[in-house]
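One structure is given below, encoded as structure tokens.
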Amino acid sequence: MDEEISKGDLQEIFDLAHSSSLQRADVKDEDKEFLRSQREDRGESSMAGIDLVTAKKVEKQVERGTRLKRLREREDSDIARLTERAEIPSQSSSSSSSPVSTTSSPARGSRSQRKKL
1 MDEEISKGDL QEIFDLAHSS SLQRADVKDE DKEFLRSQRE DRGESSMAGI DLVTAKKVEK
61 QVERGTRLKR LREREDSDIA RLTERAEIPS QSSSSSSSPV STTSSPARGS RSQRKKL
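According to the UniProt record's numbering, the sequence shown is numbered sequentially starting from 1.
See below:
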């Protein structure tokens, strides 16, 4: 006899709401709509929703991870570029054994210094 329970009967077993819950005044309209939707289409109804707070946190974590990954890649490429050795052609004449600086530094104290009396 238990094997002869129809599929519709199985669905009705899990209807936990009181039969008069839709007529009660203390039940919110939102809850009444939920009960109606549960009774009409059990396959489509669900009590679980999207946790917007957690979804937003996860989205921010993904964005932060993406930004950090891009920053690390940029830093790695900058470090690689800065640590590359520049090839300097060797000169055939070795008249000067000390390296010559090609950059000029600005003259320090270009103004005339006055002595205080």
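Yeah, the Cβ is synthetic: ideal placement off N, Cα and C, and Gly gets one too.
Computed from a predicted model, the values in this text were never measured in an experiment.
Worksheet item: CA-CA distance, T66 and K28?
Response: In the sequence shown, residue 66 corresponds to position 66, counting from 1. In the sequence shown, residue 28 corresponds to position 28, counting from 1. So the alpha carbons of these two residues sit roughly 44 Å apart.
Discussion item. Helix, strand or coil for I79? Go by DSSP, reduced to three states.
Written reply: On the sequence shown, position 79 is the one that residue 79 refers to. Of the three classes helix, strand and coil, the one that applies to I79 here is helix, per DSSP.
Worksheet item: Does DSSP put Q38 in a helix, in a strand, or in coil?
Response: What you label residue 38 is simply residue 38 of the sequence shown in a count that begins at 1. Residue state, collapsed to three classes: helix.
Practice prompt. With DSSP as the reference, label Q91 as helix, strand or coil.
Written response: Against the sequence shown, residue 91 aligns to sequence position 91. Q91 falls in the coil class under three-state DSSP.
Worksheet item: When DSSP labels each residue in this structure, what does D31 get in the three-state scheme?
Response: Reading the sequence shown from its first residue, position 31 is the one you call residue 31. In the structure shown, D31 sits in a helix (DSSP, three-state: H, G or I).
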